[in-house]
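A quick write-up on the structure given underneath.
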Amino acid sequence: MPRAFIYGSCVGGDTANVFPSEWDRPTYVARQSIISAAFGPTEVVGDIELTSAFQRSMLEGDIEATAFPRLRQELPMHDALILDIVDERLGVYELAPGEYLTRSMELISSKLIGKQPVMPRLIDFGSDEHWGLWSRSVDSLVDVVKDSGIPVFAVLPPWSKKSIQGADLAWHSVSVESMNNKYARYNEYLVQCDFTIVTVPDDEALGDAEHKWGLAPFHYTDSVYESLRDQILAGVSS
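Residue numbers (our numbering): 1326 to 1563.
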(Lines of atoms letter the chains of each structure in order from A and count residues from 1; the text may use other names and numbers.)
(Lines give C-alpha, C1' and ligand atoms only; values in the text may rest on other atoms or scores of the structure.)
Protein backbone atom coordinates (compact mmCIF):
# COMPACT_ATOMS: atom_id res chain seq x y z
CA MET A 1 0.00 0.00 0.00
CA PRO A 2 1.31 3.50 -0.75
CA ARG A 3 2.10 5.62 2.27
CA ALA A 4 2.81 9.29 3.00
CA PHE A 5 5.25 10.74 5.51
CA ILE A 6 3.82 13.92 7.06
CA TYR A 7 6.21 16.43 8.61
CA GLY A 8 4.06 19.30 9.76
CA SER A 9 0.78 20.09 11.44
CA CYS A 10 -2.92 19.38 11.23
CA VAL A 11 -2.92 20.81 7.69
CA GLY A 12 -0.84 17.94 6.38
CA GLY A 13 -2.63 15.45 8.61
CA ASP A 14 -6.10 16.57 7.58
CA THR A 15 -5.08 16.42 3.92
CA ALA A 16 -3.87 12.84 4.35
CA ASN A 17 -7.16 11.97 6.04
CA VAL A 18 -8.98 12.41 2.72
CA PHE A 19 -6.57 10.22 0.74
CA PRO A 20 -8.05 7.17 -0.99
CA SER A 21 -8.57 4.08 1.14
CA GLU A 22 -5.80 2.21 -0.68
CA TRP A 23 -3.26 4.51 0.99
CA ASP A 24 -1.87 3.21 4.27
CA ARG A 25 -2.00 5.20 7.51
CA PRO A 26 0.63 7.96 7.24
CA THR A 27 3.72 8.43 9.35
CA TYR A 28 3.31 11.68 11.29
CA VAL A 29 5.93 13.96 12.85
CA ALA A 30 4.37 17.10 14.33
CA ARG A 31 5.20 20.04 16.60
CA GLN A 32 8.84 20.18 15.48
CA SER A 33 10.02 23.41 13.95
CA ILE A 34 12.50 22.85 11.17
CA ILE A 35 14.83 24.96 13.33
CA SER A 36 14.73 22.69 16.38
CA ALA A 37 14.93 19.62 14.15
CA ALA A 38 17.99 20.89 12.28
CA PHE A 39 19.95 22.03 15.33
CA GLY A 40 19.53 18.74 17.17
CA PRO A 41 18.62 17.61 20.69
CA THR A 42 18.17 20.12 23.50
CA GLU A 43 19.13 19.81 27.17
CA VAL A 44 16.16 20.46 29.44
CA VAL A 45 15.46 19.97 33.14
CA GLY A 46 12.19 19.35 34.97
CA ASP A 47 9.17 17.13 34.57
CA ILE A 48 6.82 17.41 31.62
CA GLU A 49 3.38 18.18 33.03
CA LEU A 50 1.26 16.62 30.31
CA THR A 51 -1.30 13.86 30.87
CA SER A 52 -1.79 13.01 27.19
CA ALA A 53 0.64 10.35 26.00
CA PHE A 54 0.34 11.68 22.43
CA GLN A 55 1.17 15.25 23.46
CA ARG A 56 4.06 14.04 25.61
CA SER A 57 5.40 12.00 22.72
CA MET A 58 5.33 15.00 20.38
CA LEU A 59 7.11 17.22 22.91
CA GLU A 60 9.73 14.58 23.64
CA GLY A 61 10.27 14.24 19.90
CA ASP A 62 10.97 17.97 19.69
CA ILE A 63 13.37 17.87 22.65
CA GLU A 64 15.20 14.93 21.09
CA ALA A 65 14.99 16.40 17.55
CA THR A 66 13.75 13.16 16.03
CA ALA A 67 12.46 14.55 12.72
CA PHE A 68 15.64 14.47 10.64
CA PRO A 69 16.83 11.02 11.85
CA ARG A 70 13.38 9.61 11.16
CA LEU A 71 13.33 11.16 7.69
CA ARG A 72 16.73 9.67 6.89
CA GLN A 73 15.71 6.23 8.08
CA GLU A 74 12.03 5.99 7.16
CA LEU A 75 11.37 8.27 4.17
CA PRO A 76 12.69 5.81 1.55
CA MET A 77 9.90 3.42 2.61
CA HIS A 78 7.24 6.01 1.73
CA ASP A 79 5.78 7.36 -1.50
CA ALA A 80 5.49 11.07 -0.66
CA LEU A 81 6.67 13.60 1.90
CA ILE A 82 3.96 16.09 2.86
CA LEU A 83 5.48 19.18 4.45
CA ASP A 84 3.65 22.12 5.99
CA ILE A 85 4.92 24.89 8.23
CA VAL A 86 1.91 25.92 10.31
CA ASP A 87 3.74 24.73 13.44
CA GLU A 88 6.30 27.51 12.90
CA ARG A 89 3.69 30.17 13.79
CA LEU A 90 4.54 30.44 17.51
CA GLY A 91 8.30 30.80 17.02
CA VAL A 92 11.06 28.98 18.87
CA TYR A 93 12.79 29.26 22.23
CA GLU A 94 16.56 29.47 22.45
CA LEU A 95 17.63 27.58 25.58
CA ALA A 96 21.37 27.94 24.96
CA PRO A 97 23.49 28.89 21.95
CA GLY A 98 22.49 26.50 19.17
CA GLU A 99 19.75 24.80 21.22
CA TYR A 100 16.13 25.45 20.26
CA LEU A 101 12.66 24.18 21.11
CA THR A 102 9.47 24.72 19.16
CA ARG A 103 7.05 27.01 20.98
CA SER A 104 4.13 24.62 20.65
CA MET A 105 0.95 24.52 22.68
CA GLU A 106 2.29 21.26 24.13
CA LEU A 107 5.46 22.99 25.33
CA ILE A 108 3.44 25.84 26.84
CA SER A 109 1.08 23.44 28.61
CA SER A 110 3.96 21.30 29.91
CA LYS A 111 5.26 24.21 32.05
CA LEU A 112 8.76 23.09 31.10
CA ILE A 113 10.01 26.50 30.01
CA GLY A 114 9.59 28.00 33.49
CA LYS A 115 11.62 25.17 35.02
CA GLN A 116 14.84 25.93 33.14
CA PRO A 117 17.72 27.42 35.18
CA VAL A 118 18.03 30.28 32.68
CA MET A 119 14.83 31.67 31.17
CA PRO A 120 14.78 30.67 27.47
CA ARG A 121 14.63 33.49 24.93
CA LEU A 122 11.68 33.63 22.54
CA ILE A 123 12.49 34.16 18.86
CA ASP A 124 9.29 35.30 17.16
CA PHE A 125 8.08 33.82 13.89
CA GLY A 126 8.50 36.35 11.10
CA SER A 127 11.44 38.13 12.72
CA ASP A 128 14.67 38.40 10.76
CA GLU A 129 16.40 36.22 13.36
CA HIS A 130 13.80 33.48 13.04
CA TRP A 131 13.88 33.72 9.27
CA GLY A 132 17.65 33.39 9.18
CA LEU A 133 17.66 30.33 11.42
CA TRP A 134 14.75 28.77 9.55
CA SER A 135 16.13 29.25 6.04
CA ARG A 136 19.46 27.71 7.06
CA SER A 137 17.57 24.84 8.64
CA VAL A 138 15.55 24.27 5.46
CA ASP A 139 18.84 23.92 3.59
CA SER A 140 19.67 21.10 6.01
CA LEU A 141 16.24 19.55 5.42
CA VAL A 142 16.86 19.57 1.67
CA ASP A 143 20.12 17.69 2.25
CA VAL A 144 18.26 15.12 4.37
CA VAL A 145 15.52 14.36 1.85
CA LYS A 146 17.21 14.85 -1.53
CA ASP A 147 18.81 11.41 -1.75
CA SER A 148 15.62 9.53 -0.92
CA GLY A 149 14.13 10.00 -4.37
CA ILE A 150 10.75 10.58 -2.73
CA PRO A 151 8.69 13.55 -4.01
CA VAL A 152 8.28 16.40 -1.53
CA PHE A 153 5.02 18.35 -1.47
CA ALA A 154 5.02 21.66 0.41
CA VAL A 155 1.39 22.20 1.41
CA LEU A 156 1.00 25.98 1.66
CA PRO A 157 -2.62 27.12 1.54
CA PRO A 158 -3.11 30.74 2.66
CA TRP A 159 -4.69 31.21 6.05
CA SER A 160 -8.44 31.72 5.84
CA LYS A 161 -9.76 35.25 6.17
CA LYS A 162 -13.34 33.99 6.39
CA SER A 163 -15.20 30.85 7.32
CA ILE A 164 -17.64 29.22 4.94
CA GLN A 165 -20.30 30.30 7.44
CA GLY A 166 -19.35 33.95 6.78
CA ALA A 167 -17.39 34.81 9.94
CA ASP A 168 -14.27 36.98 9.73
CA LEU A 169 -11.26 35.12 11.11
CA ALA A 170 -8.25 36.24 13.13
CA TRP A 171 -5.64 34.43 15.19
CA HIS A 172 -5.20 35.53 18.81
CA SER A 173 -6.14 39.09 17.79
CA VAL A 174 -3.54 39.00 14.97
CA SER A 175 -5.02 39.58 11.53
CA VAL A 176 -4.89 36.80 8.98
CA GLU A 177 -3.46 39.26 6.46
CA SER A 178 -0.56 39.95 8.82
CA MET A 179 0.14 36.23 9.24
CA ASN A 180 -0.06 35.56 5.51
CA ASN A 181 2.39 38.42 4.95
CA LYS A 182 4.77 36.87 7.48
CA TYR A 183 4.52 33.51 5.80
CA ALA A 184 5.22 34.92 2.33
CA ARG A 185 9.01 34.77 2.40
CA TYR A 186 8.97 31.36 4.09
CA ASN A 187 6.72 29.99 1.36
CA GLU A 188 8.85 31.56 -1.35
CA TYR A 189 11.95 29.90 0.08
CA LEU A 190 10.28 26.51 -0.22
CA VAL A 191 9.45 27.33 -3.85
CA GLN A 192 13.15 27.93 -4.46
CA CYS A 193 13.95 24.53 -2.94
CA ASP A 194 12.20 22.91 -5.92
CA PHE A 195 9.60 21.23 -3.74
CA THR A 196 6.23 20.75 -5.42
CA ILE A 197 4.00 23.52 -4.06
CA VAL A 198 0.44 22.57 -3.20
CA THR A 199 -2.01 25.39 -2.46
CA VAL A 200 -5.40 26.92 -3.24
CA PRO A 201 -6.42 30.47 -4.25
CA ASP A 202 -7.17 32.96 -1.47
CA ASP A 203 -10.87 33.02 -2.23
CA GLU A 204 -11.11 29.24 -1.92
CA ALA A 205 -9.21 29.04 1.38
CA LEU A 206 -12.21 29.08 3.69
CA GLY A 207 -12.30 28.05 7.32
CA ASP A 208 -15.05 25.87 8.73
CA ALA A 209 -16.74 26.24 12.11
CA GLU A 210 -17.65 22.56 11.88
CA HIS A 211 -14.02 21.43 11.54
CA LYS A 212 -13.21 18.66 14.02
CA TRP A 213 -10.48 20.79 15.63
CA GLY A 214 -12.67 23.89 15.82
CA LEU A 215 -12.63 27.21 13.99
CA ALA A 216 -9.19 28.60 13.08
CA PRO A 217 -7.62 30.21 10.00
CA PHE A 218 -5.78 26.95 9.27
CA HIS A 219 -8.77 24.61 9.76
CA TYR A 220 -10.28 24.47 6.30
CA THR A 221 -13.37 23.20 4.53
CA ASP A 222 -13.39 19.68 3.12
CA SER A 223 -13.08 21.04 -0.42
CA VAL A 224 -9.71 22.62 0.43
CA TYR A 225 -8.27 19.34 1.68
CA GLU A 226 -9.69 17.53 -1.34
CA SER A 227 -7.99 20.00 -3.69
CA LEU A 228 -4.68 19.64 -1.85
CA ARG A 229 -5.04 15.85 -1.95
CA ASP A 230 -5.74 15.81 -5.68
CA GLN A 231 -2.64 17.90 -6.39
CA ILE A 232 -0.47 15.56 -4.32
CA LEU A 233 -1.87 12.41 -5.92
CA ALA A 234 -1.33 13.89 -9.38
CA GLY A 235 2.28 14.64 -8.46
CA VAL A 236 2.90 11.16 -7.09
CA SER A 237 1.55 9.48 -10.22
CA SER A 238 3.31 11.76 -12.72
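Quick reminder that beta carbons are idealized off the backbone N, C-alpha and C, glycines included.
Since this is a predicted model, take the numbers as computed values, not measurements.
- Rounded to whole angstroms, the separation of the alpha carbons of E1502 and T1546 is 19 Å.
- With a contact defined as Cβ atoms closer than 8 Å, E1399 and F1330 qualify at about 7 Å.
- Rounded to the nearest angstrom, the gap between the Cα atoms of L1437 and F1393 is 23 Å.
- In the DSSP assignment, I1331 falls within the beta strand (DSSP E) that extends over 1329–1333.
- Bounds of any beta strand (DSSP E) do not take in F1393; it lies within the alpha helix (DSSP H) bounded by 1392–1399.
- G1532 sits in a strand when the DSSP states are folded into three classes.
- In this structure, the CA atom of I1407 is about 6 Å from the CA atom of Y1332.
- Check the Cα spacing between E1431 and each of W1456, K1486, S1452, E1385: the tightest is with E1385.
- Relative to the Cα of L1420, the nearest Cα in the group S1498, I1388, P1351, F1543 belongs to I1388.
- Uninterrupted beta strand (DSSP E) stretches at least 3 residues long and entirely within the stretch 1336–1371 occur at 1352–1355, given in chain order.
- Per DSSP, E1502 is one residue of the alpha helix (DSSP H) stretching across 1501–1517.
- A contact is defined here as three or more CB-CB pairs under 8 Å, and the stretch 1536–1556 meets this definition with respect to the stretch 1336–1345.
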